[in-house]
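In the numbering used here, the protein residues as written are 85 to 194. Just so it is clear, CB atoms sit at the ideal spot from N, CA and C, and this is done for glycine as well. Heads up, the thing below is written out as C-alpha cells.
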Amino acid sequence: MSAGEAKTAEAARSDLEGIGRALAVARTSVASGQAVDLAGLETRVDRVCGVIRALPAAERKPFEPALLSLIDELNGLTEALSAEQAKIHAELDGSSTHRAATSAYRKSQR
Numbered sequence: 085m086s087a088g089e090a091k092t093a094e095a096a097r098s099d100l101e102g103i104g105r106a107l108a109v110a111r112t113s114v115a116s117g118q119a120v121d122l123a124g125l126e127t128r129v130d131r132v133c134g135v136i137r138a139l140p141a142a143e144r145k146p147f148e149p150a151l152l153s154l155i156d157e158l159n160g161l162t163e164a165l166s167a168e169q170a171k172i173h174a175e176l177d178g179s180s181t182h183r184a185a186t187s188a189y190r191k192s193q194r
C-alpha cells in the first residue's frame with residue numbers, strides 16, 4: 085500500500101467511525117422521542133463507500149466488519165424510526181377516535 089492509499093484508508097476508517105457514532109446518537113434520540121436530523125448522512129456514506137471502492141481489492145477487505153456494523157446501525161435506526169412512527173400513528177388514531185366520540189356526544193346532548 086502506498087503512503088497515499090494508507091492515508092486514504094485511514095481517513096475512510098475515521099469517516100466510518102464518525103458515521104457509526106452519528107447513527108448511534110440518532111438511534112438514541114429517536115428512542116427517547118427526540119427529532120433527528122439525518123441531512124448529509126447519505127452523502128457521507130456515498131463518499132466513504134466511493135473511497136473504499138477506489139482502493140485496491142486487498143485493501144478493501146479490512147473494511148468489511150466496519151461496513152457490516154454500519155448496516156446493523158442503519159437497520160437499528162430503521163427499526164427505531166418505524167417504532168416511533170407506529171407510536172405516533174396510534175396516538176393520532178386515539179386522538180381522532182376521541183374527537184369523534186366527543187363530537188357524537190355533543191350532538192346527542194342537543
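Asked                                                                                                           : Found
For Ala-123, three-class secondary structure by DSSP                                                            : coil
Status (buried if at least 16 other CB within 10 Å, exposed otherwise) for Arg-131                              : exposed
Short Cβ contact (8 angstroms threshold) for Arg-111 with Gly-160                                               : yes
Spatial distance of Ala-141 from Phe-147 (CA atoms)                                                             : 11 angstroms
Ile-136 classed as buried or exposed, judged by whether at least 16 other C-beta atoms fall within 10 angstroms : buried
Sequence-distant residues of its chain with Cβ nearer than 8 angstroms to Thr-92 (five each side left out)      : Val-135, Ala-138, Leu-139
Local Cβ density within 10 Å of Ala-90, reported as buried at 16 or more and exposed below that                 : exposed
Beta-carbon proximity list for Gly-117, same chain, < 8 angstroms, skipping 5 on both sides                     : Glu-168
Cβ-Cβ distance between Leu-107 and Glu-157 below 8 angstroms                                                    : yes
Beta-carbon gap between Ser-153 and Gly-102 smaller than 8 angstroms                                            : no
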